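Using numbering that gives the first Met the number 0, the letters of the sequence shown correspond one by one to residues 0 to 522. Ideal Cβ placement from N, Cα and C applies to all residues, glycine included. Note that the structure is a prediction, hence the values are computed from the model and not measured.
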Amino acid sequence: MKLKKTTNKLLIAALFIGIAFHGSAIFFTLETTYDALIHLFFAEHYATSWFEPWNYKWYTGFTVMSYPPLVHQCIGLLSYVGGLKFGMFTVAIIAIILFITGVYRFSLLITSSRTAAGYAALLAVFSSSFVETLHIFGQLPSIIGISILMHSLPEIYLWLKTGSYRYYFTSLSLIAVTVTSHHVTPIFGMVFFIFPLIGMVIMDHAREQVDSIKEITFSVFLKSFLKLFKRIVGFGMSSLVIIIGCILPYWINTKNNPITQVPIPHGSRDNFLEVTSSGLVFFLIPWGGILLIILPYIFYRYYSKRYLFFGLSITILTVLGTGGTTPIPKMFLGENAFNILTLDRFTLWASIMSLPMLGEFAYRFIQGDIKILIQEKIGAVYHRLAGAVLAGLFIFMTIFTMTLGYFRPSQPAKIKMLPIVNFLSQDQHDHWRYLTLGFGDQMAWLAAQTKALSVDGNYHSARRLPELTTRPIERLENSKFKGVEGIGSLQQFLTVPEKYNLKYIFSNDKFYDPCYISVAGSD
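Structure representation (structure tokens):
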């Protein structure tokens, strides 16, 4: 007799709601995010010069090998169908689908409950950390990287547990996709997701050797580890070869052009108790109200014997995500890595790691033992009231995060690029370099539409000009926010423009008028 495999209605609902909600919202938010237009700029490079490793539009030239190419290449390919923005929005919708299904598969692996995993997928749609990463930060490669990594975890588990080579090849294939999507995700993903997963596989294998999980001792665990040792080492070595092979151009570029810049301040490294705005954006919003409330439950579940290694992992991620609030992140990462990395990624991963337990809690609260316990202790009315409060807080954080960019815009109003593009394309104006001031991240969209070159840019890891690398300024375009040092860096370019072949300045901010007017007057 064949068992009928039923469709998970919660997962289907999550996908429909996720595509409808985020798929419509991105048309209003994505272009105003911090990073989306930067990825669109990289995509334009691949669309026009697929095999050219150098891009000369920013910083007097930099290599695109400094960023994994997959997401940019996908946008570039799709641009042949409907343009660059069509490619960007299509990839964003794919990222939404991958994230929701990735959370479901990861949660099913952790909880072994299709219902709990379904709840996790549904809650992931409205997760404030996901909303912020997509609609505020526009970090498409990060989303796709972590989503594919979550898809790879069940395959890795099944390879280590069963030894079936089908899962060996699927897991390595997914890791390859992860690596080419985002460079940081696989490096830390190995540490914070795959290593704990290996520990859970060993624990599950040990559980099969005894009558109950309480009987698992260190010696039983060690025996299971030795039995699985060949598969673990084989997978580890294969993964290392895949990672190095897929990202080799990036590693070579990093070795030849190490980041030797003055550290650029970032809000995720602030002391959140002193700079409360950074605490809001990089800690409270990613965790959201409900995750912070049930954080004791999440840690309690992850510190049970089966999930012990995930418990250690989420603890480290949570602490690293506190930025400069405590000295621990700098001690753990080292001063160089601390000053280069943006630490909000650790909070993002910690919140994603919490989703399986959030789904399990929701299942138990809505139709499981926690529901029965609360109703028996204080009554059904208070159970429904508590549920309404938690749901209301969850939805509030989602709406608050989604509308944050509206109430506190991170970008200037949309700039009409066509007149500038037309000007640069006429009378050989694009034979000279230009500079934008007050454009925000829209400078990347302008760069994607013209052949003209700029001394500035919007990917500061690729900078090589000493005038930029010796100052803690992300880009000349927003130099006013860095005070005297920022304006000083800008004036280096304005006082001797011939040194950089700089001829045109496009300003969207009257603050900068005295800077270039005084320079022009001195001539």
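Contacting residues, own chain, Cβ-Cβ under 7 Å from Asn252 (five flanking each side not counted)
Working through the sequence shown from its first residue, we reach residue 252 at position 253. Excluding five sequence positions before and after Asn252, the CB atoms of its chain that fall closer than 7 Å to its own CB belong to Thr62, Met64 and Ser65, given in chain order.
Same chain only: Cβ atoms within 7 Å of Leu121, ignoring 5 sequence neighbours per side
As a first step, residue 121 is located in the sequence shown; it is residue number 122 there, counting from the start. Closer than 7 Å at the Cβ level, and outside the excluded window around Leu121, lie Leu9, Ala12 and Ala13.
Enumerate in chain order the residues of its own chain whose CB-to-CB distance from Phe88 is below 8 Å, with the five nearest sequence positions on each side excluded.
Locating residue 88 in the sequence shown gives position 89, counting from the first residue. Excluding sequence neighbours, Phe88 sits near Ile25, Phe26 and Leu29.
Do Tyr503 and Leu423 come within 9 Å of each other at the CB atom, strictly closer than that value?
In the sequence shown, counting from the first residue as 1, residue 423 sits at position 424. In the sequence shown, counting from the first residue as 1, residue 503 sits at position 504. Yes; because the gap between Cβ atoms is below 9 Å, this pair is in contact.
Roughly how many whole angstroms lie between the Cα atoms of Ser48 and Gly86?
By one-based count along the sequence shown, residue 48 stands at place 49. By one-based count along the sequence shown, residue 86 stands at place 87. For Ser48 and Gly86, the distance between alpha carbons rounds to 17 Å.
Euclidean distance between Cα positions of Ser315 and Leu108
Taking the first residue of the sequence shown as 1, we reach residue 315 at position 316. Taking the first residue of the sequence shown as 1, we reach residue 108 at position 109. This sequence places Ile at residue 315; Ser is not what is there. Cα to Cα, Ile315 sits roughly 21 Å from Leu108.
How big is the Cα-Cα spacing for Leu464 and Gln490?
Reading the sequence shown from its first residue, position 465 is the one you call residue 464. Reading the sequence shown from its first residue, position 491 is the one you call residue 490. Rounded to whole angstroms, Leu464 to Gln490 spans 14 Å at the Cα level.
With a CB to CB cut of under 6 Å and the five nearest residues on each side skipped, what residues in its chain are close to Ala125?
Residue numbering aside, residue 125 sits at position 126 when the sequence shown is read from its first letter. With the sequence shown as reference, residue 125 is identified as Phe, and Ala is not the correct amino acid for it. By the criterion of a C-beta distance shorter than 6 Å, Phe125 is surrounded in its chain by Thr397, once the five residues flanking it on both sides are discounted.
Would you decide whether Tyr166 is buried or exposed? Buried here means 16 or more other CB atoms lie within 10 Å of its CB.
As a position in the sequence shown, residue 166 is number 167, starting the count at 1. The residue is buried, with at least 16 neighbouring Cβ atoms inside 10 Å.
Go through the stretch 50-88 residue by residue and report every complete run of the alpha helix (DSSP H) that reaches 4 residues or more, in order.
DSSP runs (the alpha helix (DSSP H)) wholly in the stretch 50-88: 69-81.
Taking the beta carbon of Leu225 as the centre, do at least 16 other beta carbons fall within 10 Å, making it buried, or is it exposed?
As a first step, residue 225 must be located in the sequence shown, where it is residue number 226. The residue in question, Leu225, is exposed, as its Cβ has fewer than 16 Cβ neighbours within 10 Å.
Can you tell which of Ser460, Gly487, Val483 and Gly82 has the C-alpha that lies nearest to the C-alpha of Trp57?
By one-based count along the sequence shown, residue 57 stands at place 58. Among Ser460, Gly487, Val483 and Gly82, the Cα nearest to that of Trp57 is on Ser460.
Locate the alpha helix (DSSP H) running through Lys160, then write down its first and last residues.
Position 161 of the sequence shown, counted from the first residue, corresponds to residue 160. Its alpha helix (DSSP H) spans residues Leu139 to Thr161.
Cut-off 6 Å between Cβ atoms - residues of its own chain near Tyr511, not counting five sequence neighbours on either side:
The count along the sequence shown starts at 1 and reaches residue 511 at position 512. Only Leu436 meet the Cβ criterion.
Excluding five sequence neighbours on each side, which residues of the same chain lie with their C-beta closer than 7 Å to the C-beta of Met149?
Translated into the one-based positions of the sequence shown, residue 149 becomes position 150. Excluding residues within five positions, the ones whose Cβ falls inside 7 Å are Gly101, Val102, Arg104 and Phe105.
Check whether the Cβ atoms of Lys413 and Gln441 lie closer than 9 Å to each other.
The count along the sequence shown starts at 1 and reaches residue 413 at position 414. The count along the sequence shown starts at 1 and reaches residue 441 at position 442. It is a contact, given that the beta carbons lie within the stated cut-off.
Are Leu272 and Thr324 closer than 9 Å when you measure CB to CB?
Within the sequence shown, numbered from 1, the residue matching residue 272 stands at position 273. Within the sequence shown, numbered from 1, the residue matching residue 324 stands at position 325. In contact: Leu272 and Thr324 (Cβ atoms closer than 9 Å).
Rounded to a whole number of angstroms, what is the C-alpha to C-alpha distance between Met202 and Ser223?
Position 203 of the sequence shown, counted from the start, is the residue given in the question as residue 202. Position 224 of the sequence shown, counted from the start, is the residue given in the question as residue 223. Looking at the backbone, the Cα of Met202 and that of Ser223 are separated by about 8 Å.
Using the C-alpha atoms, what's the distance from Leu152 back to Ile197?
If you number the sequence shown from 1, residue 197 lands on position 198. If you number the sequence shown from 1, residue 152 lands on position 153. Going from the Cα of Ile197 to the Cα of Leu152 covers about 10 Å.
Look at the alpha carbon of Ala91 and the alpha carbon of His181, and state the distance between them as a whole number of angstroms.
Taking the sequence shown and counting its residues from 1, one reaches residue 91 at position 92. Taking the sequence shown and counting its residues from 1, one reaches residue 181 at position 182. A straight-line Cα-Cα distance of about 15 Å links Ala91 and His181.
Burial state of Glu154, where buried means 16 or more other Cβ atoms lie within 10 Å
Along the sequence shown, read from residue 1 onward, the residue named residue 154 stands at position 155. Residue burial annotation: Glu154 is buried, with at least 16 other C-beta atoms found within 10 angstroms of its C-beta.
Between Leu389 and Ile289, how many whole angstroms is the CB-CB distance? I'm expecting something under 8 Å.
Looking up residue 389 in the sequence shown gives position 390. Looking up residue 289 in the sequence shown gives position 290. Rounded to whole angstroms, the Cβ separation of Leu389 and Ile289 is 6 Å, and the two are in contact under 8 Å.
My understanding is that Ser488 touches Leu467, with C-beta atoms under 8 Å, so please give their C-beta distance in whole angstroms.
Position 489 of the sequence shown, counting from 1, holds the residue named residue 488. Position 468 of the sequence shown, counting from 1, holds the residue named residue 467. Between Leu467 and Ser488 the Cβ distance is about 7 Å, and since that is below 8 Å, they are a contact.
Expressed to the nearest angstrom, what Euclidean distance is found between the alpha-carbon atoms of Lys509 and Leu39?
The residue labelled residue 509 in the question sits at position 510 within the sequence shown. The residue labelled residue 39 in the question sits at position 40 within the sequence shown. Their Cα atoms are separated by approximately 28 Å.
Decide if Lys1 is buried, meaning its Cβ has at least 16 other Cβ atoms within 10 Å, or exposed.
Looking up residue 1 in the sequence shown gives position 2. Any answer about Lys1 is weak, because its pLDDT of 46 lies below 50 and its placement is not dependable; what the coordinates show is given next. Exposed, by the Cβ-count rule.
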